[in-house]
Structures are given as structure tokens and as C-alpha cells.
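Asker: Provided herewith is a single structure, encoded as C-alpha cells, for subsequent inquiry.
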Amino acid sequence: MKSVVILLFFVFGCSKVELNYSKDHFSPILRVMQSKDLVELNKVFGKPDKKRIENENKRNEKIYSYNSSKSFGSITAYVDENSQKVLRMTFFFWADFDNYEYLKNRFKGYKWIETKEVDNNNHVVTDNRLVEIPELKIFFHYDNNSPKRKVMWIVFD
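Structure (C-alpha cells):
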């Protein structure tokens, strides 16, 4: 009986939940950013889970947050309160594989500008990079020394 419990522990304890990474999560965001339209944002992503107003730096922005249960990762849209235009969007991209390679394949038809970032903390272990895809107005940061080259946040301007 003890060996059965141990076997079940290894079978279920070592397995991981696979998310649907084959779904294209970028096209809807790119469609909204191309139109910059609040109506399109609501049509594509529905009602936001949370709305708040940010008045810092004399910018009146409404921030629409969509949690990860509706998509691959959390999405935040920043909307100008006066013009009702989408200013930028951020996408929380946290996947358990080589993020950089996945994005490189997804956006392989576009020009990439990759810049090594200056390390002011003198961390020998990190190799932080900034990637920009000007044609799509996308940028993200990643650590080239990280085993899965995690990206985390992708910004769409």
C-alpha cells in the first residue's frame, strides 16, 4: 500500500498542467492597438475585471485590467479618458518554456532590434536585453542567461 501511495505521488506530483499555448494571444491585442479604439477593446476582450483612473503626471488614464482566466496572461489597457483612445497595452506573458524562442518564432517576419542593457547593479549572472519590434510597436525585456529566458511583460505602444 505504501508503494502505491508513493507511486501515485510521483505520477501526479511531478506532472504539470499544460496550458493552451497554440492559441494566438497576440493578434487580438495587435488588432486593438491598430484601431486604438475603446469600442474595439470592449468587443475583443469584453468587460474588464477591474477599472481604475490614474491621474499621475497630468495624464488622465483609465486602466482596464483583464485577468488571466480569460486569456493566456493578464492584459492591461491604458485608455485616454478624454479621447477614449487606447494608448498602450501590457500583456503578462509567463509561460513555462523558452519565452524568447517562442516570441522569435511568433514574430519571425518582423525586424527585431535587440540591445544589451547596462547593468548598474554589477550582477555578473544577469545578461538583460531589450527587444523592440518597431513595425508592431512592441517591446520587452528578458535575461539571456535565464534558462527559459523569461519575458514576463510585453508592452504594445
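In numbering that gives the first Met the number 0, the protein residues as written are 0 to 156. Beta carbons are placed, not taken as given, at the ideal position from N, Cα and C, and that holds for glycine. The model shown is predicted, which means the values in this text are computed figures rather than measured ones.
Could you check where the alpha helix (DSSP H) with Asn41 kicks off and where it finishes?
Answerer: For the purposes of this step, residue 41 is taken as the residue at position 42 of the sequence shown. Note, Asn41: alpha helix (DSSP H), Leu37 to Phe44.
Asker: For the region 62 to 149, which segments carrying the alpha helix (DSSP H) assignment without a break, of at least 4 residues, lie completely within its bounds, in sequence order?
Answerer: As far as the region 62 to 149 is concerned, its whole alpha helix (DSSP H) runs of at least 4 residues are 98 to 105.
Asker: Report yes if the C-beta distance between Phe96 and Met151 is below 8 Å; otherwise report no.
Answerer: Residue mapping note: residue 96 aligns to position 97 of the sequence shown, counting from 1. Residue mapping note: residue 151 aligns to position 152 of the sequence shown, counting from 1. The answer is no: Cβ separation not under 8 Å.
Asker: How far does the beta strand (DSSP E) with Arg51 in it reach, from first residue to last?
Answerer: Here residue 51 corresponds to residue number 52 of the sequence shown, with the count starting at 1. Note, Arg51: beta strand (DSSP E), Lys49 to Glu53.
Asker: Any idea if Pro47 is buried or exposed, counting beta-carbon neighbours within 10 angstroms, 16 or more meaning buried?
Answerer: Counting from one through the sequence shown, the residue named residue 47 turns up at place 48. Result: buried.
Asker: Start and end of the alpha helix (DSSP H) containing Arg58?
Answerer: Numbered from its first residue, the sequence shown carries residue 58 at position 59. No alpha helix (DSSP H) holds Arg58; DSSP gives it neither H nor E.
Asker: Buried or exposed for Ile28, going by 16 or more other Cβ atoms inside 10 Å?
Answerer: Numbered from its first residue, the sequence shown carries residue 28 at position 29. Label assigned to Ile28: buried.
Asker: Would you call Tyr141 buried or exposed, if buried means 16 or more other Cβ atoms sit within 10 Å of its Cβ?
Answerer: Along the sequence shown, read from residue 1 onward, the residue named residue 141 stands at position 142. Tyr141 comes out buried.
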